[in-house]
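Converting from the sequence shown to our numbering requires adding 404 to each position, the first position being numbered 1. Here a beta-carbon is modelled for each residue, glycine too, at the ideal position from N, C-alpha and C. Please read these numbers as outputs of a predicted model, since none were measured by experiment. Scroll down for the structure; my scribbles are underneath it.
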Amino acid sequence: MDKRGVSIANHWVVLLLLLLAAPSFYAQKTIVSGKVIDAETKEALPFVNVVFQDSKVGTSTDIDGNYRIETYYPTDSLQASFLGYNSLAKSVKKDVEQKVNFALSPGGVDIEEVVIEYEGNPAHDILRRIWRNREANNREKYDYYHYEVYNKVEFDLNNVTEDFKKKKIFKNFQFIFDYVDSTSEEKQFLPMFMTESLSDYYYRRSPKSEKEYIKASQVSGTSNESITQFLGDMYQKVNVYENTIDVFGKSFVSPISTTGLLYYRYYLKDSVYIDNRYCYEIDFVPRMKHEPVFSGTMWVNDTTYAIKRIEAGINENANINFINGFEVKQEYKKVDNQYWMLSKDELVVDFQVGEKIMGLYGRKHTSYKDFVINKPLEDKYYEGIDNVTVLKDANNKEQSFWQTARHDTLSKNQQGIYEMVDSVKNVPAFRTFIDVVQLIFTGYKEVGWFEIGPYFKAYSYNPVEGHRFRLGGRTSNNFSTRVMLNGYLAYGLTDQRFKYNGGVLYKLSDNPRQRVEFQYKRDVEQLGQSRNAFAEDNILSSFLRRNPNDKLTDVESFEFSYEREWITGFSNKLFLTKRLMRPLGSLEYRRFNADPEIGVVEDEMINTSEVSLYTRFAYKEKFVEGEFERLSLGSEYPILEFQLTMGLKDFLDGDYDYQKLELAISDNINTGVLGYSKVRFTAGKYFGTLPYPLLEIHNGNETYFYDQQAFNLMNFFEFISDEYATIMYTHHFDGFFLNKIPLLRKLKWREVVAARAVAGNLSNRHRSEFILPNNIFELNEPYTEIAMGIENIFKVIRIDAMWRLNYLDHPNIAKFGIRGAFEFSF
């Protein structure tokens, strides 16, 4: 045979071997996809095993109940099985693409007896391998990544019964019940609110940077753009690879925490193929009731020991308020055959005040795609202090955009939410409901262009003014969203004097945030009262006072201010203030006259003019903003405040030249399962010669309410200083000890301890200016007080027992006291 014949023969041999070795070269692929649902509730079933019978080819459904299998080795039938449901098999056609849906009926579980000889728990071995590989599998340990993320957040009213629908208040709202649905828990629910967002997310490990650019967003029922920043991926993360997971401010131990064996029992239940990857199925349950832990199931890849899927819910006995259920479901996928990334994330929260009271479902569904791992981009994607940027046209996308941009489709009920909410807003009864809620929480009643209030200052009492009545208000957003006018008029029956206030706030711009304000006031004030305390003219402070409030000051003030926020969390505020202060009640302004024959004289008034610059830096602070006001949601980092004040003698008839410096640092420290601490440190110093009313009057509290920014057993005007340092420390144990006491843990009470101290000094130069009254003292040693209390009584009440540790010989003081407060927390 010639060389050409040999070559041809060799080619045929090679081809024959390839065909024999790889039947897939001539066999067609079988593709089966579909959805698995509950036959009764029609709800999608996640994590259902879908396998070709008599083979190892299969997968399990995703969070939405969908599955897809591609194989060259099918059998004649496909079986779906799930714990708590009857298994179901269906025939399939080979070598074609087809859809096969399953509707599983709830049923019993038959488990064959299996004898396993193994020393130790195999689930523990797998857990330890998860720990060893967590660095490689935790996406936050990668150097760089970015992706597109779609977020959908929905809130539904649950426990919507027939009796509830018939209530008189819903007479004009019957159309909303056309949207009622039911869940697998047989609770009817009514979709009420939904948000969607689409964003690009960028991560850099070192130096640490997380940036999210929200490129599309829509919110049913509101046009408040400040809400948009919370709808992306930045503020709603659950990372199971961390040792603790934050659940509404409470630290829960992660199922794969390195301390997990102390809190969980683990059981290796099964193994299954998911996306053609062999996975171990492990159940985890709490070792002890009432511990801050989860229960659920995780699926772990057998080669990389990465989490492929996890389904976890909080223990129903956990010490957390208003939460009847909390469940997280996550799916991970392997990108570039190397990196494990979260691909789907679902969070469901059941908010419930009482068993027979209507509650609220909160649902968050997030999906991720277009992953790029460890490929750094230009620095501009990672720079800047703002973590979240809402692009200019993000809130103005057409529905045609959303139809193509969504990672999945909306259900029929979800599609109707936007239309329903718009319809509800046009019903007069709904406007009345909103007015009542606004009155309760803000204190103001809106009447056209004006808001009357606040109602809790309409009446008050003190010994100087007697019975005091006040009427005031401010312009509403109907008047203007750029200018707000405010003012009030008050009258005391004993002193028979009018008090009044008037002001205007002008909004220069929202980005950057700039405000100009002018206020004029002539009223009675309590000096030495913290900003956190109930104001002197609050009705509650009138009836819950320990001592007669007779050390008051008549203050007439003119104040101009300009505020600018340079970047989110960093702002300045410039003040120009003129004040005239006159003593009232038992308060006196007395000094020694230069002429010894005259002796002591009384001053009628103190006149000051000052300019001050206030600086505040709160890194990554979050806000919800209205047209004129904003609500801080705090920061994970320490908050720094600094103020420089200068008194100007002869400017606007000011009597004194002086300077004051003050620095404050506050922080919340998460201590894991031990709860969290709140710390605030303040230090300040005065330069110049001043009368005592202008020095640092340390914050006291003469009511039975607990004041977080004051010394609760110190009287008003008890201590003054010209240089000082204050420390306030509170630790919340979140029930760490009481949860372990069988008879008490059902109450879900929580322990709290506190300690406060202030050290200060008073220079001799100030003594010659005004004579200190007999009941005002300087600090010869640090003043200290401690407290121990119980919070979460009936979920909203806190009671503290307090002890004053020194200066016990001062007149009319409390060595021990009980203080109470209303606090809302999860």
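If you draw a straight line from the Cα of G488 to the Cα of S699, it is about 17 Å long.
Burial is judged here by how many other beta carbons sit within 10 angstroms of a residue's own beta carbon; M824 has at least 16 and is buried.
Taking 8 Å as the cut-off, the Cβ atoms of I467 and E731 do not count as close. Taking one beta carbon from each stretch, the segment 1130 to 1137 and the segment 1211 to 1220 have fewer than 3 pairs nearer than 8 Å; the two do not touch.
The alpha-carbon of R886 is positioned some 15 Å away from that of R1034. Under the DSSP assignment, T463 falls in the beta strand (DSSP E) whose first and last residues are 462 to 464. Here Y554 is buried. Its C-beta has 16 or more other C-beta atoms within 10 Å. Under the criterion of beta carbons closer than 8 Å, G1224 and F1120 do not qualify as touching, at roughly 19 Å.
Counting along the chain, the unbroken beta strand (DSSP E) around T1130 starts and ends at 1127 to 1136. Under the three-state reduction of DSSP, N976 is assigned to strand.
Closest in alpha carbon position to E969, among L912, I435, D687, is L912. Note: A1022 is bridge-paired with I1043 in the DSSP secondary-structure output. Taking a contact as a CB-CB distance under 8 Å, the pair V1200 and E1182 does not count as one, their CB atoms being some 40 Å apart. The DSSP-derived three-state label of S485 is strand.
In terms of Cβ geometry, R691 and W703 do not form a close pair [threshold 8 Å].
When C-beta atoms of the segment 1012 to 1020 are compared with those of the segment 1047 to 1062, three or more pairs fall below 8 Å, so the two segments count as touching. Sequence-distant Cβ neighbours of Y477 in its own chain, meaning closer than 7 Å and more than five residues away, are S459, V461. Comparing C-alpha distances from K903 to each of A507, G891, E963 shows the shortest one belongs to G891. Within the segment 799 to 882, complete beta strand (DSSP E) segments of at least 3 residues are found at 849 to 851, 854 to 856, 863 to 866, 870 to 879, given in chain order. In this structure, DSSP gives Y645 a state outside helix and strand, which the three-state scheme calls coil.
G1164 is a Cβ neighbour of E1127, given a cutoff of 8 Å. Take the alpha-carbon of K779 and the one of Y551: they are about 12 Å apart. Annotation for E539: the continuous alpha helix (DSSP H) segment containing it runs 526 to 541. According to the DSSP assignment, S965 belongs to the beta strand (DSSP E) that extends over 957 to 971.
One Cα belongs to E1029, the other to S1036, and the distance between them is close to 9 Å. Boundaries of the beta strand (DSSP E) harbouring F1085: 1080 to 1092, taken from the DSSP string. With a threshold of 16 other beta carbon atoms within 10 Å, P611 falls short and is exposed. In the DSSP annotation of this structure, the continuous segment of the beta strand (DSSP E) that includes Y671 starts and ends at 668 to 678.
Of the candidates I435, V455, T465, V436, T465 places its Cα closest to the Cα of E447. Looking at the DSSP output, A716 sits in a beta bridge with G700, V732.
Excluding its 5 nearest sequence neighbours in each direction, G906 has C-beta neighbours in its own chain below 7 Å: G891, Y924, listed in chain order. Annotation: the continuous beta strand (DSSP E) that includes L1067 extends over 1062 to 1074. A residue is called buried when at least 16 other Cβ atoms come within 10 angstroms of its Cβ; D958 meets this threshold and is buried. Straight-line measurement puts the Cα of F974 at about 17 Å from the Cα of V920. In this chain, S495 is not harboured by any alpha helix (DSSP H); it is covered by the beta strand (DSSP E) spanning 492 to 495. At the C-beta level, K615 and Y785 come within 8 Å of one another.
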